[in-house]
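See below for the structure under consideration.
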Amino acid sequence: MVTQKKNFASARQEREAFFWQALQIRPELVAGLRVARQVHSLREEGDYSYAMKQICGETFVLVAMPLVSWIRSFRRE
83 MVTQKKNFAS
93 ARQEREAFFW
103 QALQIRPELV
113 AGLRVARQVH
123 SLREEGDYSY
133 AMKQICGETF
143 VLVAMPLVSW
153 IRSFRRE
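In the numbering used here, the protein residues as written are 83 to 159.
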């Protein structure tokens, strides 16, 4: 999911609240993430010009929403 910086600023929400609200369009993803263990903190990324070597595996998924992107890693127990 991509959002413009102005959308995040106008929402005036904390990163955590904005992240979960944005995911509401995918209830199945929200359900899976709610039971997962977060392994990295939520952070904003203004420059999404880097690459990941691996975005998912047998027990993990990287969730990223670019532009004002949030990168959050989850690991299934």
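Positions of the beta carbon are idealized from the N, C-alpha and C atoms, including for glycine. Everything numeric in this text was worked out from a predicted model, so none of it was measured.
| Item | Value |
| --- | --- |
| Under the three-state DSSP convention, the category R125 falls into | strand |
| Buried versus exposed call for V121 [16 or more other C-beta atoms within 10 Å across all chains shown] | exposed |
| Beta-carbon proximity list for L111, same chain, < 7 Å, skipping 5 on both sides | L105 |
| First through last residue of the alpha helix (DSSP H) which encompasses G114 | P109 to R116 |
| When L115, R97, F100 and W102 are compared against V143, the one with the closest alpha-carbon | L115 |
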